[in-house]
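A.B. asks: First the structure, which I've put down as structure tokens, then a few questions once you've had a look.
Residue numbers (the numbering used here): 88 to 213.
So this is what it looks like as structure tokens:
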């Protein structure tokens with residue numbers, strides 16, 4: 088499925104906003120848009136001793152429901168696969184890690200309405 092330029096811009100703006108908010112919450116951002124053969128993850132960060140992979144979902148207006156609803160089972164599996172690849176690539180097997188989801192809701196006029204951080208929102212099926 089191809090995303091329009093407007094959708095990409097909205098997603099990028101959401102990722103930038105999420106990075107700012109996460110830094111304010113004490114996260115240390117290491118990478119933006121980590122890509123590998125398995126896919127992409129929006130942010131890689133540390134929260135204390137934990138390595139955190141972060142998926143950002145941004146929605147404008149409420150007609151499509153909350154941003155979290157865009158996180159399908161298939162996307163959850165992909166996030167786990169990308170996180171596993173990152174851990175292998177960076178030899179971080181022993182480090183505790185989790186996948187967080189940041190949901191950003193904007194009004195139809197583009198004003199920030201809500202930011203929700205879901206810690207450990209995606210769990211490995213090990």
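All C-beta atoms, glycine included, are put in the ideal place defined by N, C-alpha and C. All figures in this text were calculated on a predicted structure; none of them were measured in a lab.
How big is the Cα-Cα spacing for residue 148 and residue 192?
C.D. replies: Counting from one through the chain shown, the residue named residue 148 turns up at place 61. Counting from one through the chain shown, the residue named residue 192 turns up at place 105. Whole-angstrom Cα-Cα distance: 7 Å.
A.B. asks: So, are the CB atoms of residue 169 and residue 108 less than 7 Å apart?
C.D. replies: Numbered from its first residue, the chain shown carries residue 169 at position 82. Numbered from its first residue, the chain shown carries residue 108 at position 21. The answer is no: Cβ separation not under 7 Å.
A.B. asks: Hey, would you say residue 166 sits closer than 7 Å to residue 209, going by beta carbons?
C.D. replies: Here the question's residue 166 lines up with position 79 in the chain shown. Here the question's residue 209 lines up with position 122 in the chain shown. Contact flag set, yes.
A.B. asks: Excluding five sequence neighbours on each side, which residues of the same chain lie with their C-beta closer than 6 Å to the C-beta of residue 125?
C.D. replies: One-based indexing of the chain shown puts residue 125 at position 38. Here the set comprises 168, 169 and 172.
A.B. asks: Would residue 163 and residue 187 be called neighbours here (beta carbons separated by less than 7 Å)?
C.D. replies: On the chain shown, residue 163 is found 76 positions in, with the first residue counted as 1. On the chain shown, residue 187 is found 100 positions in, with the first residue counted as 1. Contact flag unset, no.
A.B. asks: Of the choices 194, 158 and 183, whose alpha-carbon is the least far from that of residue 132?
C.D. replies: Along the chain shown, one-based indexing puts residue 132 at 45. Nearest C-alpha to residue 132: 183.
A.B. asks: Should residue 130 be labelled buried (16 or more other beta-carbon atoms within 10 Å of its own) or exposed?
C.D. replies: Along the chain shown, one-based indexing puts residue 130 at 43. Buried, by the Cβ-count rule.
A.B. asks: Could you check the C-alpha separation between residue 151 and residue 105 for me, to the nearest Å?
C.D. replies: Here the question's residue 151 lines up with position 64 in the chain shown. Here the question's residue 105 lines up with position 18 in the chain shown. Going from the Cα of residue 151 to the Cα of residue 105 covers about 20 Å.
A.B. asks: So if DSSP puts residue 118 in a beta bridge, which residue, or which two residues, is it bridged to?
C.D. replies: Locating residue 118 in the chain shown gives position 31, counting from the first residue. Answer is 131, bridged to residue 118.
A.B. asks: Is the beta carbon of residue 93 sitting closer than 7 Å to the one on residue 145?
C.D. replies: Translated into positions along the chain shown, residue 93 becomes position 6. Translated into positions along the chain shown, residue 145 becomes position 58. No.
A.B. asks: Give the straight-line distance between the Cα atoms of residue 161 and residue 196, rounded to the nearest whole angstrom.
C.D. replies: As a first step, residue 161 must be located in the chain shown, where it is residue number 74. As a first step, residue 196 must be located in the chain shown, where it is residue number 109. Cα to Cα, residue 161 sits roughly 31 Å from residue 196.
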